[in-house]
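Asker:
Number of protein chains: 2
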Amino acid sequence: MALIVQKYGGTSVGTIDRIRNVAKRILELSQEGNQVVAVVSAMSGVTDKLIGMAKEFSETPSERELDVLMATGEQQSIALLSMALHELGAKAMSITGAQAGITTFGSHTRGRISNIDPTLMNKYLAEGNILICAGFQGITEEGMIHTLGRGGSDLSAIAIAAALNADVCQILTDVDGVYTCDPRVVKDAVKLNDISYDEMLEMASNGSKVMQSRSVEFAKKFGVVFEVRNSMNNNPGTIVHEELPAMESVAIRGISIERNQARVTLTGIPDQIGYTAEILGALADAEINLDMILANTAHDGQARQSFTMHANDLGRAQAALKPVAAKLGENVKIETEAGLAKLSLVGIGMRSHSGVGATAFKALADAKIKTGMISTSEIKIAVIVDESDIDEAAKVVHKAFNLHEINEIEDSSI
Amino acid sequence: MALIVQKYGGTSVGTIDRIRNVAKRILELSQEGNQVVAVVSAMSGVTDKLIGMAKEFSETPSERELDVLMATGEQQSIALLSMALHELGAKAMSITGAQAGITTFGSHTRGRISNIDPTLMNKYLAEGNILICAGFQGITEEGMIHTLGRGGSDLSAIAIAAALNADVCQILTDVDGVYTCDPRVVKDAVKLNDISYDEMLEMASNGSKVMQSRSVEFAKKFGVVFEVRNSMNNNPGTIVHEELPAMESVAIRGISIERNQARVTLTGIPDQIGYTAEILGALADAEINLDMILANTAHDGQARQSFTMHANDLGRAQAALKPVAAKLGENVKIETEAGLAKLSLVGIGMRSHSGVGATAFKALADAKIKTGMISTSEIKIAVIVDESDIDEAAKVVHKAFNLHEINEIEDSSI
Numbered sequence: 001m002a003l004i005v006q007k008y009g010g011t012s013v014g015t016i017d018r019i020r021n022v023a024k025r026i027l028e029l030s031q032e033g034n035q036v037v038a039v040v041s042a043m044s045g046v047t048d049k050l051i052g053m054a055k056e057f058s059e060t061p062s063e064r065e066l067d068v069l070m071a072t073g074e075q076q077s078i079a080l081l082s083m084a085l086h087e088l089g090a091k092a093m094s095i096t097g098a099q100a101g102i103t104t105f106g107s108h109t110r111g112r113i114s115n116i117d118p119t120l121m122n123k124y125l126a127e128g129n130i131l132i133c134a135g136f137q138g139i140t141e142e143g144m145i146h147t148l149g150r151g152g153s154d155l156s157a158i159a160i161a162a163a164l165n166a167d168v169c170q171i172l173t174d175v176d177g178v179y180t181c182d183p184r185v186v187k188d189a190v191k192l193n194d195i196s197y198d199e200m201l202e203m204a205s206n207g208s209k210v211m212q213s214r215s216v217e218f219a220k221k222f223g224v225v226f227e228v229r230n231s232m233n234n235n236p237g238t239i240v241h242e243e244l245p246a247m248e249s250v251a252i253r254g255i256s257i258e259r260n261q262a263r264v265t266l267t268g269i270p271d272q273i274g275y276t277a278e279i280l281g282a283l284a285d286a287e288i289n290l291d292m293i294l295a296n297t298a299h300d301g302q303a304r305q306s307f308t309m310h311a312n313d314l315g316r317a318q319a320a321l322k323p324v325a326a327k328l329g330e331n332v333k334i335e336t337e338a339g340l341a342k343l344s345l346v347g348i349g350m351r352s353h354s355g356v357g358a359t360a361f362k363a364l365a366d367a368k369i370k371t372g373m374i375s376t377s378e379i380k381i382a383v384i385v386d387e388s389d390i391d392e393a394a395k396v397v398h399k400a401f402n403l404h405e406i407n408e409i410e411d412s413s414i
Numbered sequence: 415m416a417l418i419v420q421k422y423g424g425t426s427v428g429t430i431d432r433i434r435n436v437a438k439r440i441l442e443l444s445q446e447g448n449q450v451v452a453v454v455s456a457m458s459g460v461t462d463k464l465i466g467m468a469k470e471f472s473e474t475p476s477e478r479e480l481d482v483l484m485a486t487g488e489q490q491s492i493a494l495l496s497m498a499l500h501e502l503g504a505k506a507m508s509i510t511g512a513q514a515g516i517t518t519f520g521s522h523t524r525g526r527i528s529n530i531d532p533t534l535m536n537k538y539l540a541e542g543n544i545l546i547c548a549g550f551q552g553i554t555e556e557g558m559i560h561t562l563g564r565g566g567s568d569l570s571a572i573a574i575a576a577a578l579n580a581d582v583c584q585i586l587t588d589v590d591g592v593y594t595c596d597p598r599v600v601k602d603a604v605k606l607n608d609i610s611y612d613e614m615l616e617m618a619s620n621g622s623k624v625m626q627s628r629s630v631e632f633a634k635k636f637g638v639v640f641e642v643r644n645s646m647n648n649n650p651g652t653i654v655h656e657e658l659p660a661m662e663s664v665a666i667r668g669i670s671i672e673r674n675q676a677r678v679t680l681t682g683i684p685d686q687i688g689y690t691a692e693i694l695g696a697l698a699d700a701e702i703n704l705d706m707i708l709a710n711t712a713h714d715g716q717a718r719q720s721f722t723m724h725a726n727d728l729g730r731a732q733a734a735l736k737p738v739a740a741k742l743g744e745n746v747k748i749e750t751e752a753g754l755a756k757l758s759l760v761g762i763g764m765r766s767h768s769g770v771g772a773t774a775f776k777a778l779a780d781a782k783i784k785t786g787m788i789s790t791s792e793i794k795i796a797v798i799v800d801e802s803d804i805d806e807a808a809k810v811v812h813k814a815f816n817l818h819e820i821n822e823i824e825d826s827s828i
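Respectively, the protein sequence lines represent chains L and Z. Take the first sequence: its position 28, counted from the start at 1, is 28 in the working numbering, and no numbers get skipped. So the working numbering is basically just the index in the second sequence, starting at one, shifted up by 414.
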């Protein structure tokens, strides 16, 4: 008998009929002899509707009260899904985040999990119940309702799997798993059988929005192996776990695409100590999330720095930098460019394979694609290209690394 | 500085604009220097909508899960009302039944309050908050969500007033208070300035549906004085408290009307020991709530018994009695009559005034109204009439006791 934790998102429980389908899936697992804990989001649309009501009172309603309001969405879906299971003759029980023993800390609407006391969950499981647990929520030490922010239900599921020492944790979503690249862009992109936490993190933070980074980080920290799979079919998904030797047999395992990027460059900066702090401070005060940061060493006593960010932030960034530029010196100029995109090549094999950059940039050059800023980590190479070139860039790089054959290559290397 | 507990029903918070109005009322009280705890129901329609969704899965959904589902209605209104108060610049905080320390016991969907631990409420009040508390809900010892059934929000308010030792408890509703009779029937019915718990109980259990009996019983048990008043205006309402000597200066203080009554009579019952238990047992098994029960002593070895009930139950009652009648003897006959109504005269003064029945029945006779079964308690006389006569019956009795002048009479008698 295995203990399986599953997470179903808002789309999967978005209508009465879909709730019935999810109930059937859960019952099947249970009838195969497994203990099942299903972590559920609010029915799709419900959270937005509640936020809409809150906005009738204020554009920035109290976050404490938003938590109280939004937590009702999940509470409704767990009750309804339990009822759907009862309708099928199953023994099922709903539990809220508080009842599941999920203690949280941090700001309202962006809670973080500090602890899970699984006593009550274990009791109900031992009594033969299927447990339907509200995702996205917990309770503070003081007993206040707390929601976990974006991707919170994934986080709940992974944390519950850790607390219950579950055998399997499945994140059920609307895609079949993690692909070598977005299949809408690269037609022969393939689903990866597995991926390491670190690769998943690089993919997640680079535009492959299957999951939020923090859930993956949490899973990595507590060693929770989980599978991303489709709630609408029974195909095997992608298993996310610690890296295995076989994963290093190929240099790169995934390509992610991030559109709507923009760049700001400051030129002619007099080379004095402390100007970087001044520039980054001004951008932080304006709450701009920078992606790449590139600083050249000064020559002729002048330095230049470039930053990339979401294009939506470009105007604010330019405004925030204007006084800084004036202060730094009369030759300081602000250049901006929008209409960019970022291509990221991700793979733990990069650490042991040489020539990855050479292969990638040769493919891009052969396709006459102009490349801009580059940044690298141990397992990632990211490059800025014109947004109009990004699809072609993804295709040629995907082909250059034979990613459409990745599962076969890895199988043969074990 | 007074501590005021107010209860607002679903209609009072039924729309965004109405929530704003309630917020204004609460803020005014607060600005007058009072501490305010507002106990709130779900927005009108929300509970029915949730129950409708539950019924998609089952005609008899799990009551435990119904509680989880329904409790979200109040949780939404407390968050929204708190936000409305913030919009007005007030310091307000929502609390659920669990956070308010309301511990419950008994069946799901029909919970009863066992205890209230006001620690957290007192803390938040001491910090200068207006508290917005979810009515209708509490939490079991085990931490399960529990709703309190019909009239549950009134009960929450009265219990909280008791736990906080509040100076004032107001039940805000859609009528101005408790009237001598339904003003839609008796045009010159007047609002009572005050009423005793026992009178309110008799009125409540006899068709004056301002409040459920159990909230009044709870208030009586814990000596909570409360006022029933209108949430849409600032008129003084009716204060409900222990009886005062002045209340006995008149014989009756209210008339209530209950329509849709029916009667079943069994005749020709052989006078053996135990037949009443058999008859009542059969009706109880069929879950029929009997109102009046009338048993004649037997003569010629034959007895007769009559029962009144809601007309909706008549068919089931007749079916349930059929086998009993056959078993009791071949001469036993079942007679039924629908189209009846009950008129109840209520007043603690009845205990010290004689001739109340005489006055009432003379008024009914003068109006040529035929009367049927009669039942009495220490402070009530109830009589069955044809439903077509009930309005006229109420009018003539109201007039016979000069109830339109009751407040003046009582004032002059103090």
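Think of the CB as a built atom: it goes at the ideal place given N, C-alpha and C, for glycine as much as any other residue.
What does residue 28/L reach in chain Z if we use C-beta pairs closer than 9 Å?
Answerer: What residue 28/L touches in chain Z: nothing, since even the nearest Cβ is about 18 Å away.
Asker: Starting from residue 21/L, trace the alpha helix (DSSP H) both ways and give me its first and last residue.
Answerer: Start and end: 16-31.
Asker: Taking 7 Å as the limit between beta carbons, can you name the residues of its chain near residue 528/Z, skipping five residues before and five after?
Answerer: Within the same chain, residue 528/Z has close Cβ partners 517, 518, 519.
Asker: Just checking, does the segment 648-660 of chain Z make contact with the segment 606-613 of chain Z on the three C-beta pairs under 8 Å criterion?
Answerer: Touching, yes.
Asker: Between which two residues does the alpha helix (DSSP H) holding residue 631/Z run?
Answerer: Note, residue 631/Z: alpha helix (DSSP H), 627-636.
Asker: By how many angstroms is the C-alpha of residue 166/L removed from the C-alpha of residue 24/L?
Answerer: Taking the straight line joining both Cα atoms gives about 21 Å.
Asker: In chain Z, which residues lie less than 7 Å from residue 87/L when you measure between Cβ atoms?
Answerer: Under the 7 Å cutoff, chain Z gives 471, 472.
Asker: Buried or exposed: which applies to residue 812/Z, given that a residue is buried once 16 or more other Cβ atoms fall within 10 Å of its Cβ?
Answerer: The residue in question, residue 812/Z, is buried, as its Cβ has 16 or more Cβ neighbours within 10 Å.
Asker: Under the three-state reduction of DSSP, which class applies to residue 192/L: helix, strand or coil?
Answerer: Correct three-state label for residue 192/L: coil.
Asker: In this structure, how does DSSP classify residue 398/L when only helix, strand and coil are distinguished?
Answerer: Residue 398/L falls in the helix class under three-state DSSP.
Asker: Under a CB-based cut-off of 8 Å, is residue 5/L close to chain Z?
Answerer: By this cut-off, residue 5/L is not an interface position.
Asker: In chain L, which residues lie with their C-beta within 7 Å of the C-beta of residue 496/Z?
Answerer: Result: 62, 65.
Asker: Does the segment 276-286 of chain L come within contact of the segment 227-239 of chain L, defined as at least 3 CB pairs closer than 8 Å?
Answerer: Judged by Cβ distances under 8 Å, the segment 276-286 of chain L makes no contact with the segment 227-239 of chain L, as fewer than three pairs qualify.
Asker: What residues from chain Z crowd round residue 121/L, counting only those whose CB sits closer than 8 Å?
Answerer: Simply none; closest approach about 12 Å.
Asker: I want to verify the contact list: residues of chain L whose CB lies under 9 Å from the CB of residue 565/Z, in sequence order.
Answerer: Those do not exist, as residue 565/Z stays about 22 Å from chain L at its closest Cβ, beyond 9 Å.
Asker: Kindly provide the ranges of any alpha helix (DSSP H) runs that are 4 or more residues long and lie completely inside the segment 314-339 of chain L, ordered along the chain.
Answerer: 314-328, all fully within the segment 314-339 of chain L.
Asker: Starting from residue 800/Z, trace the beta strand (DSSP E) both ways and give me its first and last residue.
Answerer: Residues 794-800.
Asker: Taking C-beta pairs closer than 7 Å, name the residues in chain L that residue 486/Z reaches, listed in chain order.
Answerer: Ordered by position in chain L, the residues that pass the 7 Å Cβ test against residue 486/Z are 72, 75, 76.
Asker: Would you mind stating whether residue 800/Z and residue 771/Z have Cβ atoms separated by less than 8 Å?
Answerer: Their beta carbons are not under 8 Å apart, which means residue 800/Z does not touch residue 771/Z by this criterion.
Asker: Tell me the DSSP bridge mates of residue 270/L?
Answerer: Its beta-bridge partners are 302/L.
Asker: So who's on the other strand from residue 904/Z, going by DSSP bridges?
Answerer: The structure shown has nothing for residue 904/Z, since chain Z only spans 415 to 828.
Asker: With 8 Å as the threshold, decide whether the Cβ of residue 508/Z is near any Cβ in chain L.
Answerer: Judged by the 8 Å Cβ criterion, residue 508/Z is in contact with chain L.
Asker: For the beta strand (DSSP E) that residue 275/L lies in, which residues bound it at each end?
Answerer: Note, residue 275/L: premise wrong, no beta strand (DSSP E); alpha helix (DSSP H) at 275-285.
Asker: Let me know the secondary structure DSSP gives residue 775/Z once reduced to three states.
Answerer: Correct three-state label for residue 775/Z: helix.
Asker: Closest Cβ-Cβ distance between residue 615/Z and chain L: below 8 Å?
Answerer: No, residue 615/Z lies away from the interface with chain L (no Cβ there is under 8 Å from its Cβ).
Asker: Short of 8 Å in beta carbon distance, which residues of its chain neighbour residue 703/Z, apart from the five on each side in sequence? Order them along the chain.
Answerer: Answer for residue 703/Z: 723, 724, 727, listed in chain order.
Asker: Is residue 15/L close to the ligand MN? I mean its beta-carbon at under 7 Å from any heavy atom of the ligand.
Answerer: Summarising the ligand content, the structure contains no ligands, and the ligand MN is consequently not present.
Asker: Would you check if the distance between the CB atom of residue 82/L and the CB atom of residue 92/L is smaller than 8 Å?
Answerer: Yes. Within cutoff.
Asker: Return yes when the Cβ of residue 215/L is within less than 8 Å of the Cβ of residue 151/L, no when it is not.
Answerer: Yes, the pair counts as a contact, with Cβ atoms nearer than the cut-off.
Asker: Decide yes or no for the touch test of the segment 445-457 of chain Z against the segment 416-436 of chain Z: beta carbon pairs closer than 8 Å, at least 3 of them.
Answerer: Contact between the segment 445-457 of chain Z and the segment 416-436 of chain Z is present, because at least three Cβ pairs lie under 8 Å.
Asker: Comparing alpha-carbon positions, which option in 388/L, 73/L, 350/L lies nearest residue 376/L?
Answerer: Here the closest residue by C-alpha is 350/L.
Asker: Using a Cβ-Cβ cut-off of less than 8 Å, list which residues of the segment 143-175 of chain L approach chain Z; keep chain order.
Answerer: Under the 8 Å Cβ criterion, the segment 143-175 of chain L contributes 143, 144, 145.
Asker: Compare the C-alpha of residue 17/L against each of 625/Z, 432/Z, 471/Z, 462/Z and name the closest.
Answerer: Checked all of 625/Z, 432/Z, 471/Z, 462/Z; the closest Cα to residue 17/L is 471/Z.
Asker: Just checking, does the segment 249-256 of chain L make contact with the segment 318-330 of chain L on the three C-beta pairs under 8 Å criterion?
Answerer: The answer is no - the segment 318-330 of chain L does not touch the segment 249-256 of chain L, with fewer than three Cβ pairs under 8 Å.
Asker: Which residues mark the beginning and the end of the alpha helix (DSSP H) in which residue 467/Z is found?
Answerer: Looking at the DSSP string, the run of the alpha helix (DSSP H) that includes residue 467/Z is 460-469.
Asker: Counting only beta-carbon atoms, is residue 68/L nearer than 8 Å to chain Z?
Answerer: With 8 Å as the cut-off, residue 68/L counts as an interface residue toward chain Z.
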